[in-house]
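Peer 1:
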Amino acid sequence: MADLPNPDDFSFVDSPNEFRVTFEVKGEVNMTIYAENIEDARAKAREQVEEIVSESGTCELDAVDDVEVGRIYQKPRMYFVTDEDGRKMRVSRLEAGMVPREPDEHGF
């Protein structure tokens, strides 16, 4: 197994006051679906569910039944690296083959 790079050799970004929080929300969404019949309405409703749960989907809740705080964790240190394929990246874990780099003009 190859040796891991020394973290002290890398530029990094710390976010000591930034935390990621996950909220678990249970609620209700009401909308109108136009359909030819009940089977068509069910199919369109399933399509809406897929859209809501997709990464790009959003919805506004009409009623909120419950909100719970889920995970909370501090944002990790992000190291500026170039990987074995020459790609410039920011990573939270260093792996063998990564080499240090400085942030570019955009801070990445």
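Going left to right, the sequence shown walks through residues 80 to 187 as the working numbering numbers them. No residue lacks a Cβ here, since even glycine has one placed at the ideal position from N, Cα and C.
Terminal residues of the continuous alpha helix (DSSP H) containing Arg-125?
Peer 2: Element bounds for Arg-125: 117-132.
Peer 1: For Val-104, write down the residues that DSSP places opposite it in a beta bridge.
Peer 2: Per DSSP, Val-146.
Peer 1: Take Arg-156 as the anchor and find which of Ala-175, Asp-141, Ser-94, Pro-84 has the nearest alpha-carbon.
Peer 2: For Arg-156, the nearest C-alpha among the options comes from Ser-94.
Peer 1: Does DSSP put Pro-86 in a helix, a strand or coil?
Peer 2: It is helical.
Peer 1: For my contact list, Asp-141 and Asn-109 are in at a C-beta cut-off of 8 angstroms; report their separation, rounded to the angstrom.
Peer 2: With a Cβ gap of about 5 angstroms, Asp-141 and Asn-109 count as contacting.
Peer 1: Can you confirm whether the stretch 95-105 touches the stretch 146-153 when touching is taken to mean that 3 or more C-beta pairs between the two stretches lie within less than 8 angstroms?
Peer 2: The answer is yes - the stretch 95-105 touches the stretch 146-153, with three or more Cβ pairs under 8 angstroms.
Peer 1: Given Glu-130, which residues of its chain have a CB within under 6 angstroms of its CB, disregarding the five upstream and five downstream residues?
Peer 2: So the list reads Gly-136, once near-sequence residues are dropped.
Peer 1: Who are the near neighbours of Ala-124 in its chain, counting only those whose CB is closer than 7 angstroms to its CB and skipping five residues on each side?
Peer 2: Cβ within range, chain order: Ile-112.
Peer 1: Look up Pro-73 in the DSSP assignment and give the residues it is bridged to.
Peer 2: In the structure as shown, the chain starts at 80 and stops at 187, and residue 73 therefore has no counterpart that could be examined.
Peer 1: Strictly by DSSP, which residues pair up with Met-168?
Peer 2: Answer is Val-160, bridged to Met-168.
Peer 1: Who are the near neighbours of Asp-170 in its chain, counting only those whose CB is closer than 8 angstroms to its CB and skipping five residues on each side?
Peer 2: According to the sequence as given, residue 170 is Val; it is not Asp. So the list reads Met-157, Tyr-158, Val-160, Met-177, once near-sequence residues are dropped.
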